[in-house]
Amino acid sequence: MKILKALIYAKDDQLPLFDGSTKKRASLDVLRRRSVLLLISDLEISHEELSMLQQMYSEAREQPGRPESQYEVVWLPVVDRSSPWSETKQKLFEDFQRIMPWYSVYHPSLLDVAVIRYIKEVWHFNKRPLLVVLDPQGRVVNPNAIHMMWIWGSLAFPFTSLKEEALWKEETWKIELLADSIDPMILSWIDQGKYICLYGGEDMEWIRKFTVTAKDVASRAGITLEMLYVGKSNPREKVRKNNSIITTEKLSHVLPDLTLIWFFWVRLESMWHSKVQHKRTVENDAIMQEIMTMLSFDGSDQGWAVISRGPADMAKAKGETILKSFADFEIWKEGAQEKGFLPALIDHLHELHTPFHCNRLILPGATGSIPERVVCAECGRPMEKFIMYRCCTD
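The sequence shown lines up with residues 1 to 394 when you count with the UniProt record's numbering.
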């Protein structure tokens, strides 16, 4: 409790918390001997972040007896004290407070200026939300568990570095890690033994060509193929329009809520940061290599696709390469009959591979520690580092 009392300046106020479930004020005693996740953000936390955190919190609360449900969340809003508190800020704060199902400080002024400085300097808060984890004894066991939460949800409890290591040891690169938490239908396809294709990008002409060609190849190969469009990170109007066209023209399945598309990509970014924190690289970690490949697909200007079935290998390629491979199906059709569709496709993609490439890895600038050296997932050479400023209003 000491650290909570130091963070939340209660003074004479014995009820410094607001309970999001009862909409009543509460004392710090409700957090005694509990694991506590401090959600630290400014007043511009995104709809997507809030929506996914609410979903995970609600799922944990549905089965309160489970060990991984034994935690509380407290929102600590960090506001700029250099500008005066206004009615607009008050309304924004109250709007967030009203929709959050967990605890929050009753008012941002209960966070002292020195506390805000500590949060920024020691916990490295910089715009992007943090989840600082306190164990039941009040000790900080993780200065930012947001990446663990995005990857595994409440299964990551108690959100320690040791737990993170243990969870990674159980993982292999397969469709379940990549996407099964995004939509229940993916799990259903896996159970039915179907081939699953995830594809993305914004080029609608390529999407039409690819989906039509893929369906034709699946029919000729005698396999059941389900396709799902996952757009691009930071999905905007272009992806929304693509979703609408894909649905209208019955080209493939889509994720109708753009928040789910955002979540697909933010989970991949979180996997990257989690691996970086544990000193994993493309050279020493197979999953890291696959994560880098996916993120470089997103950083390119063209489409891409990954195709999987069960725990087997995934075939993956950029748009023009996968389209060419499907167009060449007659060449590797016999191989598909002999050794299986996926192994034959992977072999043919290797034959089409050229050493010439230009891969980009784009990461939000404030998502955590960025290593000085990052190597290319395709060739293993160090990647050049650039700084990009972006303003997207589509």
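Backbone N, C-alpha and C fix where the C-beta goes; we use that ideal spot for every residue, glycine too. Quick caveat, the model's predicted, so the values are computed rather than measured.
Between which residues of its own chain and residue i is the CB-CB distance below 7 Å, once the five residues before and five after are set aside?
i           : result
T367        : Annotation note: pLDDT 48 at T367 (below 50); position unreliable, coordinate value reported separately. Closer than 7 Å at the Cβ level, and outside the excluded window around T367, lie R128, E269 and H273.
residue 413 : Because the chain in this structure spans residues 1 to 394, residue 413 falls outside the shown range and cannot be described.
R240        : L258
P108        : P77, V79 and F93
M149        : M56, L131 and A156
M204        : N242 and I245
Apart from the five residues just before and just after residue i, which ones in its own chain have a Cβ nearer than 8 Å to its Cβ?
i    : result
A145 : L37, L131, V132, V133, A156 and F159
D285 : K275
Q70  : R34, S35 and F157
L39  : L53, V73, V74, W75, L76, W102, P129, L130 and L131
V113 : R81
L50  : F96, I99 and M100
Count the other CB atoms within 10 Å of the CB of residue i; is the residue buried (16 or more) or exposed (fewer)?
i    : result
R309 : buried
P67  : exposed
V212 : exposed
A344 : buried
A166 : exposed
H47  : exposed
D183 : buried
L162 : exposed
S83  : exposed
K290 : Reading off the sequence, residue 290 comes out as Glu, not Lys. So E290 ends up on the buried side.
E62  : exposed
N142 : buried
Find the nearest neighbour of residue i within the set the options, judged by alpha-carbon distance.
i           : options                  : result
R33         : I346, F125, I3 and K209  : I3
F93         : S83, V105 and S82        : V105
V140        : D19, V122, L225 and Q337 : V122
S233        : K209, I261 and L255      : I261
residue 397 : A315, S300 and D301      : Any property of residue 397 remains undetermined from this structure, which presents the chain solely from 1 to 394.
L15         : V30, I151, C197 and N126 : V30
L349        : E62, L7 and T321         : T321
K91         : D135, K279 and L43       : L43
G335        : S21, Q137, A221 and E87  : A221
W168        : A305, D313 and Q277      : Q277
So, for residue i: in the same chain, excluding its five sequence neighbours on each side, which residues have a beta-carbon less than 6 Å away from its beta-carbon?
i    : result
A60  : S69 and S154
K194 : T224 and E226
K174 : P311
W189 : I196 and E226
L7   : V115
Measure the Cβ-Cβ separation of residue i and residue j and say whether it is below 8 Å.
i    : j    : result
Y9   : L111 : yes
G299 : Y199 : no
E283 : N242 : no
K324 : L352 : yes
V78  : I45  : no
R280 : M292 : no
For the region 227 to 234 and the region 311 to 331, state whether three or more C-beta atom pairs, one from each stretch, are separated by less than 8 Å.
No, they do not touch.
Given 8 Å as the limit, is there contact between the region 252 to 267 and the region 166 to 183, that is, 3 or more CB pairs closer than that?
Judged by Cβ distances under 8 Å, the region 252 to 267 makes contact with the region 166 to 183, as three or more pairs qualify.
Just checking, does the region 11 to 27 make contact with the region 97 to 104 on the three C-beta pairs under 8 Å criterion?
With a cut-off of 8 Å, the region 97 to 104 and the region 11 to 27 count as touching, because enough Cβ pairs lie within range.
Spell out a yes or no on whether the region 241 to 254 and the region 196 to 212 are touching, meaning 3 or more CB-CB pairs, one atom from each, closer than 8 Å.
Touching, per the Cβ criterion.
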